[in-house]
Structures are given as structure tokens and as C-alpha cells.
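Note sheet for the following structure.
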Amino acid sequence: MNNYFIITFFILGSVFGSFFNVVGLRVPMQNFLTSNRSYCPSCKRQLSWYELIPILSYAFQRGKCKGCKQHISIIYPFIELFTAFLFALSYSLVGFEIELIMALSLTSLVAIIMVTDLKYMVIPNKILLFFLPIFILIRFFSPLQPWWSSIVGALIGFFLIFFIILFSKGGMGAGDMKLFAILGVVLGYQGILLTFFIAVLLGSISSAILLLLKQVDRKTAIPFGPYICIAACITYFWGYDIINWYVTSFF
Ligand SMILES: [Zn+2]
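Just so you know, the sequence shown maps onto residues 13 to 263 in this note's numbering.
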């Protein structure tokens, strides 16, 4: 394990995270290819190069636009840090294996979905359809044990959320269902069940906290996608440790 590479992946991750912010902001608005320069969403001023440095620009500008002094959403530096951390973690846990491409691809999908779901409460089909063939291809070369775990995982992911949508009013949508199916390919059937469990746990805890702090009421719609995303990452990187710990502690 090489510290130089860990730092390189961290910096690479922050740059990709900055790009994922743009993808997540523009793809749902259908203007991903029309406007190529980054601009301030409130005053539309084009940003110069020193305002586009991941994480650092936000910190130096104290979270405000230099032109109109409007607050810049905390989502941007958060996604940059999140991607940087997970890219570095991917390399340090996986190393230079085919599976590293899976770890980086999963991180990328998750970062983009967090932006679209937090900003617009949507999980765009375009993004899911972009990543699905990549995941299938990587799982072909770097299969789970047993290999069919990906197929069963996708089916469980899909039908689990399908029945939740069928029997509950709101809370989860078709986007969550498709996201779960695709994550099933990456994580396998045990992984997708663990992801579901962690996502519901995180969602319940943070809803309870937000209710207590009176930030939301019972009718506020809270996007579930970010919980799925974080749960999928926890499962991907530490799932086997969690399952082992659980099994050895309780059985
Ligand atoms: Zn501005």
C-alpha cells in the first residue's frame, strides 16, 4: 500500500466529485451538453479557474459566491470530499485489481445520485442506464462468489422495493426500485439485503433527529436515495466484516 497513490486517488476523487456535481445538477435539467462552462446558479456569472478548485475554493470563499455573495450549497464541497474519500478508500482497500474499477464506478454512481436526489428528488434513468452495462461488464470479469449472486441480488433489490411501493403510500419511488436493482448487481443478494437494512436504519435515525430538531414535520418528503447510496458504500467496503461480526456475536 503506497501513500503516494492514496493521496493521488484522493485528489483525483475531488476532481471527479466536482464533475459529478455538474453532472448531477445538469442531467435532470437536460442541459448537460448545452452549457459547458460552470456558472453561479444565482447570478449566472461564469466561474474562473480559481473558483473551480475542488474543496479549497469553497473553503477560501467561505461558502459564498464572489459575485453575488449568495451562499453556495454545502452539497458541492460535501460531494467533492465524499468522492475524494471513497476514491482513496477504494484504492487502499482494493488495490490495483479489476475490482478497483467497480469500486470507483460505484462511488461515481452514488455521488451523482446524491446530487440529483438532494437537489431535485429524482434518480434519473439516464444515469442508471449509463452505469448498468458498466457494472454488468465488470461483474463478468470480477464476479461475486457465487457468480449468480449478482443476478439474484438485482432481482431481490427490484422486488423488495416493488412490494414496498405496492403496500405503502409514498416514501419510496420507481427510481429507488431501479437503483436497488442495479446495486444488486454490484453487491449480490446478501449485500443488497444488508444495504436495505442499513438504509432503513439510517433513514429512520435521521428522520427522528430531524423531527426532534423540528427541521421537518411528518408530512415533509425526505429523499431516500442518499441513504441508499451511503448504505451501499458501507456494504460494499465493510459488508463482509459487518456480516461476520454479526454472525460471530449472536450465533
Ligand atoms: Zn453568484
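Yeah, the Cβ is synthetic: ideal placement off N, Cα and C, and Gly gets one too. All values reported here derive from a predicted model rather than from experimental measurement.
Just measuring C-alpha positions, the residue of Ser-85, Val-198, Arg-230 sitting nearest Thr-119 is Val-198. Asp-188 sits away from Ile-210, with the two beta carbons spaced by 9 Å or more. Here Asn-33 is buried, its C-beta having at least 16 other C-beta atoms within 10 Å. Across the set Leu-68, Lys-138, Leu-64, the C-alpha of Lys-138 shows the shortest separation from the C-alpha of Ile-124. Rounded to the nearest whole angstrom, the CA to CA distance from Ser-117 to Phe-143 is 8 Å. Distance from the Cα of Gly-79 is smallest, within the candidate group Leu-68, Leu-93, Glu-63, for Glu-63. Note that the segment 161 to 169 does not touch the segment 102 to 114; fewer than 3 beta-carbon pairs, one per stretch, sit closer than 8 Å. If you draw a 10 Å sphere on the C-beta of Pro-155, you find fewer than 16 other C-beta atoms in it, and that means exposed. Every candidate beta strand (DSSP E) stretch fails here, since none sits fully inside the segment 99 to 175 while reaching 3 residues. Lys-190: member of the alpha helix (DSSP H) spanning 186 to 224, first to last residue. With 16 or more other CB atoms across the displayed protein chains lying within 10 angstroms of its CB, Met-114 is buried. Closest option to Leu-195, judged by alpha-carbon separation, among Arg-230, Ile-150, Leu-224, Thr-232: Ile-150. When Cβ pairs closer than 8 Å are counted between the two stretches, the segment 85 to 94 is seen to touch the segment 65 to 74, the count reaching three or more. With respect to Met-133, Pro-53 sits apart: the two C-beta atoms are not nearer than 9 Å. Residues lining ligand 1 by the Cβ criterion, that is a Cβ closer than 6 Å to any of its heavy atoms, are Cys-52, Ser-54, Cys-55, Arg-57, Cys-77, Gly-79, Cys-80, Gln-82 in chain order. Residue nearest to Val-27 within the set Trp-257, Leu-98, Leu-224 is Leu-98 (criterion: CA-CA distance).
One alpha carbon belongs to Thr-95, the other to Phe-21, and they sit about 10 Å apart. Counting other Cβ atoms within 10 Å of its Cβ, Asp-253 stays below 16 and is therefore classed as exposed.
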